[in-house]
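Residue numbers (this note's numbering): 101 to 225.
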């Protein structure tokens, strides 16, 4: 089950998650995951610098932020975008975002209030 997240509301939705993982891919196709605490504002997520992630982004700027569910059976926030690495921060520019969880977790907590459409997670009352 996936629910699209409007990028204009991303800062509000991401604020409900304590941390995320930045996923990048090396030149030889290996995925690197590093823990980050994104500061999302004005359409950009600023992340802590990482040498390994920076090397990967120099080769391939495509990246994903994965925010694990803050509670059991909750939604994972997945944000795909592009990023560039600087000395002081990684600048991540979101392209798309979804809240996702397996259909078998439909009895879990509802999506954040900042998400207006309930997508495939709605059930008739």
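We put the CB at the ideal spot given by N, CA and C, even for glycine. Predicted model only: the values in this text are computed from it and were never measured.
*asked:* Is it buried or exposed, residue 181, if we count other Cβ atoms within 10 angstroms and call 16 or more buried?
replied: buried
*Determine the burial state of residue 163: buried for a count of at least 16 other Cβ atoms within 10 Å of its Cβ, exposed for fewer.*
buried
*To which residues of the same chain is residue 153 closer than 7 Å at the C-beta, ignoring the five residues directly before and after it?*
Shown here for residue 153: same chain residues with a beta carbon closer than 7 Å to its own, the five before and five after excluded, namely 122, 124, 132, 134, 185 and 190 in chain order.
*Just grab the DSSP bridge partners of residue 144 for me.*
141
*Hey, residue 171 and residue 209 are a contact pair by Cβ (cut 8 Å); roughly how many whole angstroms apart?*
6 Å
_Minimum C-alpha distance to residue 183 - residue among 215, 139 and 145_ = 145
*Rounded to a whole number of angstroms, what is the C-alpha to C-alpha distance between residue 147 and residue 178?*
16 Å
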